[in-house]
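Chemist: So in the numbering used here the end of the sequence shown lands on 852, straight run, no missing numbers.
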Amino acid sequence: EIKECDWSSDVCSSDLDDDLREATRSRLETEHALHRALEQGEFTVEYQPIVDLASGDVEGLEALVRWRHPERGIVPPSEFVPLAEETGVIAGIGTFVLEEALGQVGAWMADGTVGPEFSISVNLSARQFELQDIVATVRAALEQSGVAPAQLCVEITEGTLMSAASVAALARLHDLGVRVAIDDFGAGYTSFRNLKHLNADMVKLDGGFVKNLVNDASDRIFVKMMSELSSSFGMETVAEW
């Protein structure tokens, strides 16, 4: 076999082609598996508590999607969410998580496990705003579950706010009574100036600013500043760990 090589780097074109073919094959397999997973119920929802630091009470939960692959086991979200967003499968996954989480809270309310003020947070992808009528999807899921709009908090990343249509949809969700949180704040695009224009009720600080609070004075200053700024705009502040 004759290989065309870049002698300066010792990388041969045939090796690069093999790597590219393998990457393409792996991508296609994962994409097909994502469609199958949605059809066969391989996605599940786990819940992370949201705790009031002052009282220690669990005020709500955040719904997190997990993929239980029949052969690979638990697939980390970082390995499938980007591809799901790129291919559009995220719309179906997102709707599943929304309906599953609201349905669970509705069931807990019915049996007295939680009260009518218990909240549930669900992440929405920017692609969901592009691919579906997200307001209609949320409204239908709320009606089906019996959960009040004020109990639902939709979490969006700062990138979602780059689209005028997404901002308009968020305003409609806010008018519906749903709370809106900006997730991973400080790690994306949003400027402080834009905070006053957003229909948001909560700012979730990126975990990178929180994990070193004890040892990093600059992180303590940032978290304190953001907490005070959010409060001045009538927003809550949540620190992710």
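Where is the CB? At the ideal position from N, CA and C, for every residue including glycine. Small disclaimer: the values here were computed from a predicted structure and weren't measured.
Over the uninterrupted alpha helix (DSSP H) stretch that includes lysine 815, give me the two end residues.
Modeler: It is not in any alpha helix (DSSP H) - lysine 815 instead sits in the beta strand (DSSP E) that spans 813 to 816.
Chemist: How many angstroms separate the CA atom of glutamate 754 from the CA atom of histidine 643?
Modeler: 32 Å
Chemist: By Cβ distance, which residues of its chain are closer than 6 Å to glutamate 710, with the 5 residues on each side in sequence left out?
Modeler: Ala752
Chemist: Three-state secondary structure (DSSP) at valine 676?
Modeler: The answer is strand: DSSP assigns valine 676 an E or B state.
Chemist: Mind reading off the beta-carbon distance from glutamate 696 to serine 732? Whole number of angstroms is fine, and I expect it under 8 Å.
Modeler: Incorrect: roughly 19 Å between the Cβ atoms, too far for contact.
Chemist: Could you give the DSSP three-state label for leucine 753: helix, strand or coil?
Modeler: helix
Chemist: Which residues in the same chain have their Cβ closer than 6 Å to the Cβ of glutamate 847, if we skip the five residues on either side of it in sequence?
Modeler: Met813
Chemist: Should the region 729 to 748 be regarded as contacting the region 698 to 708, the criterion being three or more beta carbon pairs within less than 8 Å?
Modeler: At 8 Å Cβ cutoff, the stretches touch.
Chemist: Within a Cβ cutoff of 6 Å, which residues of the same chain sit near isoleucine 701, ignoring the five residues on either side of it in sequence?
Modeler: Ala695, Ser736 and Arg738
Chemist: Is leucine 694 near the ligand FAD - that is, is its Cβ less than 7 Å away from at least one heavy atom of it?
Modeler: In the structure shown, the ligand FAD is absent, as is every other ligand, since no ligand is present at all.
Chemist: Could you name the residues of the same chain whose beta carbon sits closer than 6 Å to that of phenylalanine 833, not counting the 5 residues immediately before and after it, in chain order?
Modeler: Excluding residues within five positions, the ones whose Cβ falls inside 6 Å are Phe820.
Chemist: Compare the beta carbon distance of leucine 816 and phenylalanine 796 with 8 Å and say whether it is the shorter of the two.
Modeler: yes
Chemist: Have a look at glutamate 728 and methionine 720 and give me their C-alpha separation to the nearest angstrom.
Modeler: 10 Å
Chemist: Can you list the beta strand (DSSP E) stretches of 3 or more residues lying completely in the region 708 to 796, in chain order?
Modeler: Contiguous beta strand (DSSP E) elements confined to the region 708 to 796 occur at 730 to 734, 763 to 768 and 790 to 796, taking only those with 3 or more residues.
Chemist: Buried or exposed for valine 825, please, with buried defined as at least 16 other CB atoms from any protein chain shown within 10 angstroms of its CB.
Modeler: exposed
Chemist: Specify the secondary structure class of proline 693 as computed by DSSP and reduced to three states.
Modeler: Helix.
Chemist: Aspartate 628 to threonine 635, Cα distance in whole Å?
Modeler: 10 Å
Chemist: Isoleucine 613: buried (16+ other C-beta within 10 angstroms of its C-beta) or exposed?
Modeler: Note on isoleucine 613: pLDDT 42, under 50, position unreliable in the model; no value is reported.
Chemist: Report the three-state DSSP secondary structure of valine 700 (helix, strand or coil).
Modeler: Reduced to three states, the DSSP call for valine 700 is coil.
Chemist: Could you please give me the residues that DSSP links to threonine 706 through a beta bridge?
Modeler: None; threonine 706 has no bridge partner.
Chemist: Return the first residue and the last residue of the beta strand (DSSP E) that alanine 850 is part of.
Modeler: 847 to 850
Chemist: Are the beta-carbon atoms belonging to arginine 790 and alanine 761 less than 8 Å from one another?
Modeler: yes
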